[in-house]
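Protein chains in written order, with the numbering used here: chain E, 1 to 152; chain G, 1 to 284.
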């Protein structure tokens, strides 16, 4: 009754019930509290993580379906204390307010920019349809993402 | 991973069918799980057992044949959009798959789940499949068989235990199709109303066949026979199509929801029909 997960490069095991949402396993068992629990219905994106490189709503992902998969959370983005280019851009553009949506925003955008290196503004907005922000109005987030794309 | 009584990972289709048969009414298939994991929000109890089918290879295939396209039940929306991108006759389904919900859901949610999710009125793939005359292949304890998607929608609430939707089959035909949806936000989201339209045209641009499916307006997607009849026998005329849709809008009784009232969903149908007709006209 255990599930094998590679989380941020480390092999881990969880003995949770198979339908336990992955976000709860990450937060409660492994203390990776970057992914946030908000809507629990795959709408707001605050729980977004990468599963085998794909962005998924971890609130709707049973841990059993993540068995054998590689999970990347927001904690994986910085390397040796150095922020990723996307994180640096968000800081430079003063894009963060309360921060609740940001782990999900960063994971969605990290995956998106890897697959779409030269996006338009509309492309980025479409990519962020599943990441709700109540604070910022999104424009500086989009500006920051475009700055990373144009510098890449 | 070791065996968990309430959760079984099937390795093949026969394995899945045997597991479902063993567990009877206590078990249902589980693919992407995006609908099942929201059961608590719908005040529904979860089943006692789930048979996970998303790793079965034959359920993840898209086969593009000369006369039909066979789509395994566990193909995700994202995979489907990519597979169908170069097939103009399936544009409605490709558009539906590429624009449903949001990017993260599209990576996980499956075509089979979209068809089997009871109570999900805003399912994008369903009206697109209806307008393309798609059929489903169903495995049951008494054998397998095909049926039209709209027939499956009628039967799915009363299906016997042990059934499994194996794949969706879309006939390839010389037609133009489009999937038009009105989301809450311009960039995308769940739709308030959907119009999926497919039309076959003669060499001089006269509509010889038309199917129009409306989704998200009522609890279940369905066709619009009076609009279809009016489209046939004339050239595609977006303004006329919109006027006809407005005239027959009382054919639908919009559902009230937290995101939009029922009257609004019906009110926008004429505009969506106009957009759909314009898109089909533009493909000439």
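Where a beta carbon is used, it is the ideal one built from N, C-alpha and C, also for glycine. Bear in mind that the values here come from a model prediction, so they are computed numbers and not experimental data.
Item to check | Boundaries of the beta strand (DSSP E) in which residue 263 of chain G is found, first to last residue | outcome: Per DSSP, residue 263 of chain G belongs to no beta strand (DSSP E); it is in the alpha helix (DSSP H), 262 to 267.
Item to check | CB contact flag (residue 169 of chain G, residue 139 of chain G, <7 Å) | outcome: no
Next on the checklist: Give me the subset of the region 23 to 42 of chain E whose CB atoms are less than 8 Å from a CB atom of chain G, sorted by chain position.
Outcome noted: 40, 41, 42
Item to check | Whole-number beta carbon distance between residue 123 of chain G and residue 215 of chain G, since they are thought to touch under 8 Å | outcome: 7 Å
Next on the checklist: Please list, in chain order, the chain E residues whose beta carbon lies closer than 9 Å to that of residue 285 of chain G.
Outcome noted: This structure cannot speak to residue 285 of chain G, because chain G is shown only from 1 to 284.
Checklist entry - So, is residue 208 of chain G buried or exposed, given that buried needs 16 or more other C-beta atoms within 10 angstroms? => result exposed
Next on the checklist: I want to see whether chain E comes within less than 7 Å of residue 189 of chain G, judged by CB atoms only; does it?
Outcome noted: yes
Next on the checklist: So, at 7 Å on beta carbons, what are the nonlocal neighbours of residue 25 of chain G in its own chain, with the 5 sequence-adjacent residues on each side left out?
Outcome noted: 161
Item to check | Cα-Cα separation, residue 137 of chain G to residue 194 of chain G | outcome: 25 Å
Next on the checklist: Let me make sure I understand the geometry here. Which of G:255, G:280, G:261 has the alpha-carbon closest to that of residue 119 of chain G?
Outcome noted: G:255
Next on the checklist: Closest to residue 65 of chain G by C-alpha separation, out of G:76, G:115, G:83, G:52, would be which residue?
Outcome noted: G:83
Checklist entry - Fully enclosed by the region 19 to 92 of chain G, which alpha helix (DSSP H) runs are 4 residues long or longer? => result 77 to 84
Checklist entry - Quick one: what does DSSP say residue 258 of chain G is sitting in, helix, strand or coil? => result In this structure, DSSP gives residue 258 of chain G a state outside helix and strand, which the three-state scheme calls coil.
Checklist entry - What three-state label does DSSP hand residue 177 of chain G in the structure shown? => result strand
Checklist entry - How many Å lie between residue 109 of chain E and residue 282 of chain G at the Cα? => result 33 Å
Checklist entry - Alpha carbon to alpha carbon, what distance is there between residue 93 of chain E and residue 161 of chain E? => result As displayed, chain E neither begins before 1 nor continues past 152, which places residue 161 of chain E out of reach and without an answer.
Next on the checklist: So, at 8 Å on beta carbons, what are the nonlocal neighbours of residue 68 of chain G in its own chain, with the 5 sequence-adjacent residues on each side left out?
Outcome noted: 169, 170, 171, 172
Next on the checklist: 7 Å is my cut-off, CB to CB: does residue 105 of chain G come that close to chain E?
Outcome noted: yes
Checklist entry - Straight-line CA distance for residue 121 of chain E to residue 129 of chain E? => result 13 Å
Checklist entry - Quick one: complete alpha helix (DSSP H) runs, 4+ long, within the region 52 to 115 of chain E? => result 85 to 92, 102 to 115
Item to check | Contacting positions in the region 88 to 120 of chain E - beta carbon closer than 8 Å to chain G | outcome: 108, 112
Item to check | C-alpha gap between residue 262 of chain G and residue 217 of chain G, whole angstroms | outcome: About 7 Å.
Checklist entry - Exposed or buried, residue 77 of chain G, counting other C-beta atoms within 10 Å across all chains shown (16 or more means buried)? => result buried
Checklist entry - Are the C-beta of residue 86 of chain E and some C-beta of chain G separated by less than 7 Å? => result no
Item to check | Classification of residue 3 of chain G by the beta-carbon crowding that lies within 10 angstroms, buried from 16 upward | outcome: The predicted model places residue 3 of chain G with a pLDDT of 47, which falls under 50 and marks its position as unreliable; any figure quoted below should be read in that light. Residue 3 of chain G is exposed by the Cβ-count criterion.
Item to check | Within 7 Å, strictly: CB atoms of residue 49 of chain G and residue 23 of chain G | outcome: A contact, by the Cβ cut-off of 7 Å.
Next on the checklist: For a contact defined as C-beta to C-beta under 8 Å, what are the partners of residue 46 of chain G on chain E?
Outcome noted: 19
Next on the checklist: Under 8 Å, CB to CB, which of the residues in the region 258 to 270 of chain G have a partner in chain E?
Outcome noted: none
Checklist entry - Buried or exposed: where does residue 98 of chain E fall if 16 or more other Cβ atoms within 10 Å of its Cβ makes it buried? => result With fewer than 16 other Cβ atoms inside 10 Å of its own Cβ, residue 98 of chain E counts as exposed.
Item to check | Residue range of the beta strand (DSSP E) that includes residue 114 of chain G | outcome: From DSSP, residue 114 of chain G is part of no beta strand (DSSP E) but of the alpha helix (DSSP H) over 111 to 116.
Item to check | Bridge partner(s) assigned by DSSP for residue 136 of chain G | outcome: BP columns for residue 136 of chain G point to G:147, G:168.
Checklist entry - Can you tell me whether residue 232 of chain G is buried or exposed, with buried defined as 16 or more other CB within 10 angstroms of its CB? => result exposed
Item to check | Terminal residues of the alpha helix (DSSP H) in which residue 141 of chain E lies | outcome: 139 to 151
Next on the checklist: Quick check on this structure: which residue in G:202, G:204, G:227, G:70 has the alpha carbon closest to the alpha carbon of residue 274 of chain G?
Outcome noted: Among G:202, G:204, G:227, G:70, the Cα nearest to that of residue 274 of chain G is on G:227.
Checklist entry - Could you check where the alpha helix (DSSP H) with residue 225 of chain G kicks off and where it finishes? => result 225 to 231
Checklist entry - Residues of chain G with CB under 7 Å from residue 65 of chain E, in chain order? => result 33, 52, 54
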